[in-house]
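To keep things clear, I will list the structure first and then write my remarks on it.
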Amino acid sequence: MHPRSFLSLRALGVLACAFVAAPAAVSQSVPADTAPVASDGVVKLPVFDVTTSGDVGYLSRNAESATRLNVPLSDIPQNVVVFNAEFLEDIMAQDITDVALYDPSINAYNENDNFTMRGFGGTAATAAGGNYFNGFPQATALGSQTLVNTGRIEVLKGPNAVLYGSGAFGGTINRISKKPLPHEYNRLDFLVDSEGYLTAKADSSAPLPGRRLGYRLNMLWADGDDVRNNPKSAFVVAPTISWEITDNTLLIVEYTHQREERVGNWEFPIANGDPLHLRVNDGTVRDVDIRRFLGESDDNRKVTRNIVYADLRHEFSRNLIFRAMFNMESKDQLTDETLVDGTQLVITDTTAYVPRAYRENDQWDDGWRLRTEMVAKFNTWGLKHQLLGGFGWEKQKTRRHRLQTAANNGPDFLPDRYQPADIFDHVPGPITNLPPMTVTLDDFTDTKTPSLYVSDLASVLDERLFFQAGFRYVETERELANYRTGARSSGSEGSTTHSLGFVYHLTADKQWSVYANNNTTYVPNFTVNPDGSQLDSMTGDQYEGGLKFSHGDRFNVLLCYFDIRQSNVPAPDPNRDDYQTTIDGLHSKGLEVNFNWNPSGEWSVFGGYAYTHSINTQTGERHYRSPLHAVSMFGRYSIRRGVLKGLSFNAGAIWRSYTLPQMATTRPEPIWDVPEYIRFDAGIGYKFNVGGMSWQVTAKVKNIDDRINYLATYNVRVQVDDPRVWILGLNTEF
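According to mature numbering (1 follows the signal peptide of the UniProt record, and there is no 0), the sequence shown holds residues -32 to -1, 1 to 702 in order.
Put into C-alpha cells, the structure is as follows:
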C-alpha cells in the first residue's frame, strides 16, 4: 500500500492569504459603530451564536445554520427544525440517528449516519448523508459522529448549496458544538444498557483567570457489547478554548479526537419477499431469525477521527464583522471483517447458506476546509440588510486499499475460498484457515474546491417583510488514480447555485407568517466520454412555500409544501456503446408539518408529519426507501411541586408507512412491500439535590414492543434495526 500522506501546514497559509472585501458603501442611517463589550469576557459576538437562553422546553426561537447568523426562525424563508440541548438530553441521544428520526422527513439507512430526506439521500446517492459539523462537511463511509460535544442540531430542509456546497438534495444536518460558558459548570453522566454496554461522560467549563480565556472539555468512554452481542467501544476527548483577544476580537479553537470500534450490522439474505421465512428445496418452510449475526467473533471496524476547528471573529464596528473559520479533519477506517454477501443465497434440501468473503480494508480521508467572511449591516432605500459574503476553499484526499478473499458462491465448499454461513444455525467464532487474499481496491482521489458566495437577508416595512438572496460560484477539480489498473483521470467543473426567498409577517407581532423559497444545488459529474466530452453537473431545484404560526413560548407550527427536481443524472447512452449521457432523476414533492407545544410549564411536546411522494421520472415508479407518510412525536411531563417534585416521564413514537426496496439483479427475487417502521420509546427520571449537588436518575426503554424494523432494504437482502434495549442513567451537576 502507498504510504499515507499527512496533513500539511501549507494549508494554513491559505488563511493568511484569503481576503474578503467589505461593502463599498454604508447608509448614513447605520447606528454608531461602537462594538458591544461582553459582560462575561468569554462568550460574545451574538450575531453568530445561538444560546439556550431563548429556548423554552423543546421550543427554540433562533437558528444559525440557515444564514450562518443568529436569526429568528420566524424570519427565515425555509423549514428549519431545531433539536436543542434539552431535547438531546431527554431522548438520551447517543448518535445522530437517535435524533434525526424525530424529524418525519428523515429515514435512517444504516448505522453510519446515512439518511434519506425528502425522498433523497443527503447527497445524490441514497447511501450518503448531508452531515456537517459547525457548518463544515464531514467525511462519510463507516462510523458515527459523536454527540458528546454537540450542543444542538439544526436540520435545514431542501438544497442549501449557497452556504454548504455541493450535494444535499433533500437537506442538511448540522451539528453545532458546545462552547465555553461564562461560569463554572461540571457534569458527569453514567449509563448502562441491557447488553452491559457502559458509558461515562464528562462536561466541564469555566472562565480562566483574567476572564479573557475560557475552556470547555467534553469526554466520553464506553465499552461492552452491542445488541448483537458483539464487542463495541468508544473514546472521545474534545477540548475547546475561547480567547477574547481584545474587546472586539474572539478566537475559538476546538479539537475532537474520536475512536470507535464495533462490528458491522450486515444485511441478511431473503427469498420470495419474506424476511422471516424460507422454503428449502424439500418443501419445508423454516422460520428465519433475521437478527442472527452471520459474521465472526474476530470481526472489527476501527474508526479514528481527529477534527480541528478554529473560529476567528473581529468586530470593526457593530455593523461590520470579519470571520475566518478553519476545519481540518483526519479520518482513518481500518476494517478486518467477514463480508456477508447477502446478494447471494445457496438453498439446499434442508438449509440455506450465504456466501462470505474476508476483507482487510483501509481507508483514510484528509480534509482541509477554510472560509473567510465579512458580515455587514446597512440600510439602502428603506431596506435593512444583513449581508454575508465570503471565500471558501476545500481540499479532500481519500486513499482506499482493500485485500479480499474469494467467496463460495455455489453449493460446493471449495477449500481455497472463505466458507459460507448457515443462515439458520450459524454461531460466530474465531477465524481459522484464512484463504489467500488479493487486492480488489487500490485508489486515490484528490479534490479541490474554491468558491465565492454572498447571501443577503434584508427587511422592510418595520421588519414585516424579509427578502433572502444568495449566490455561490464554485470550481471543482478532481484527480483520480487507480493503482490496480494504472489508470489516471482528472477533471474540473464550474457551477453556480442560488437561494431566493421571502417571509411576510401577516401580523405585526409576527404570529402569522407566510414564506417561499427557490433553492438549488449540484453534484459534479466527472464522467468523461471516449470523445473527451464531460457530463454536466447533476443539479437539484427546489420550490418551497409555507405558513408559520408562533404563540410566544407556548406553541409554534410550520406547514409547508415542497417540490424538488433532480436533473443531469448520469446514465448509459442508449444510442452509443461505452458512452454516458444525462437524464432527469428523482422528482419529490410533499407536505410537512412541524410543531413545538408547551401546554404548561410541566409539559413539552415536539412532533411532526411528512407526506413525501418521490418518483423516478424515467419509470414513473415510487422511489425506494421513501415512505409516503411519516409521523414523529416526543413529549415530556415534569412534576415541579409537591412530594413528587423532580419526577418526570417521557415518551416517543416514530412511524413510517411501508416502503419499496431497492432492486438488485444478482438474484431473480420479487419486489416486496417493506412493512411499516414503528417504534415506541419511554422513559422516567427523578431529579434531587444532595450535598449541594444536583442529581438525576433516569431509565429508558427503546423499541418497547421489540418490533422488527428494517433499515436498508433490497429485494434480495435487508438490514434490521436494533431490538428492545433498556438504558439506566445517573448524572450529576455541580
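Glycine is no exception: its CB is placed at the ideal position from the N, C-alpha and C atoms.
Whole angstroms is fine: what's the gap from THR94's alpha carbon to HIS597's?
-> Only weak support exists for where THR94 lies, its pLDDT of 40 falling under 50; the coordinates are left without a value.
Under the rule that 16 or more other beta-carbon atoms within 10 Å means buried, what is ILE213, buried or exposed?
-> Under this definition ILE213 is an exposed residue.
Across which residues does DSSP place ALA484 in a beta bridge pair?
-> PHE470, GLY513
Delimiting residues of the beta strand (DSSP E) encompassing ALA344 = Taken as a continuous stretch (DSSP letters only), the beta strand (DSSP E) holding ALA344 covers 324 to 348.
Taking the alpha-carbon positions, what's the PRO691 to VAL195 distance?
-> 7 Å
With which residues is ARG522 paired in a DSSP beta bridge?
-> Beta-bridge pairing links ARG522 to no other residue.
When you compare only the Cα positions, how much space is there between GLU222 and ASN564?
-> 32 Å
Identify every run of the beta strand (DSSP E) within the segment 341 to 391, keeping only runs that are complete inside it and at least 3 residues long; order them along the chain.
-> Taking 3 residues as the minimum length, the beta strand (DSSP E) runs contained wholly in the segment 341 to 391 are 351 to 372, in order along the chain.
Put THR319 into one of helix, strand or coil per three-state DSSP.
-> Coil, per DSSP.
Identify the continuous alpha helix (DSSP H) that holds TYR132 and give its terminal residues.
-> For TYR132, the enclosing alpha helix (DSSP H) begins and ends at 129 to 132.
Report yes if the CB atom of LEU41 is closer than 9 Å to the CB atom of ASN487, and no otherwise.
-> no
Below 6 Å CB to CB, which residues in the same chain sit around ARG367 once its five sequence neighbours on both sides are set aside?
-> TRP332, PHE412
Since SER467 contacts GLY25 with CB under 8 Å, what's their CB separation in whole angstroms?
-> Their Cβ separation, rounded to whole angstroms, is 31 Å, which puts SER467 and GLY25 out of contact at 8 Å.
Going by Cα to Cα distance, which pick from VAL130, ILE59, MET85 is closest to GLY103?
-> VAL130
Nearest CA to the CA of PHE55: which residue from PRO45, LEU69, ILE44?
-> LEU69
Reference THR464, options LEU181, ILE391, TYR421, SER112, closest by Cα = When each option's Cα is compared against that of THR464, the closest is TYR421.
What first and last residue would you give for the beta strand (DSSP E) that runs through VAL442?
-> 433 to 450
For LEU181, which beta-bridge partners are listed by DSSP?
-> TRP211
Are ASN142 and VAL123 touching if we call contact CB-CB under 9 Å?
-> yes
Return yes when the Cβ of TRP663 is within less than 9 Å of the Cβ of LYS655, no when it is not.
-> yes
Check the C-beta distance from ALA206 over to VAL116 and give it rounded, since I have them as a contact under 8 Å.
-> With a Cβ gap of about 7 Å, ALA206 and VAL116 count as contacting.
Looking only at its own chain, which residues have a Cβ that is under 6 Å from the Cβ of GLY462, when we skip the five neighbours before and after it?
-> A distance below 6 Å between beta-carbons, with the five flanking residues on each side excluded, links GLY462 to the following residues of its chain, in chain order: GLU443.
Give every residue of the same chain whose Cβ lies closer than 6 Å to the Cβ of LEU280, excluding the five residues on either side of it in the sequence, and list them in chain order.
-> Excluding residues up to 5 positions away in sequence, LEU219, ALA292 lie with their Cβ nearer than 6 Å to the Cβ of LEU280 in the same chain.
One or two residues paired with HIS225 in a DSSP bridge | According to the DSSP secondary-structure assignment, HIS225 is paired through a beta bridge with VAL205, ASN274.
Skipping 5 residues on each side, what residues in its chain have a beta carbon closer than 6 Å to that of GLY192?
-> GLY164, TYR165, LEU166
Excluding five sequence neighbours on each side, which residues of the same chain lie with their C-beta closer than 6 Å to the C-beta of SER33?
-> GLU122, LEU124, ASN142
Smallest Cα separation from THR303: which of ASN329, THR316, PRO323?
-> ASN329
Less than 8 Å between the CB atoms is what I'm expecting for GLY232 and ASP257, so what's the real figure, rounded?
-> The Cβ separation is near 18 Å, so there is no contact.
Beta-carbon proximity check, GLY558 vs GLY87, cutoff 9 Å | Yes. Within cutoff.
In whole angstroms, what separates the C-alpha of PRO629 from that of TYR645?
-> 13 Å
PHE702 versus PHE158 - alpha carbon distance = Approximately 15 Å between the Cα atoms of the pair.
Residues bridged to ILE695 [DSSP beta-bridge criterion] = ASP161, LYS668
Quick one: grab the DSSP three-state call for SER662.
-> strand
Where does the unbroken beta strand (DSSP E) through VAL123 begin, and where does it stop?
-> 118 to 125
For PHE648: DSSP bridge partner residues | ALA621
So MET342 and THR373 are in contact, right, with Cβ under 8 Å, and what is the actual spacing, rounded?
-> Not a contact, Cβ separation roughly 56 Å.
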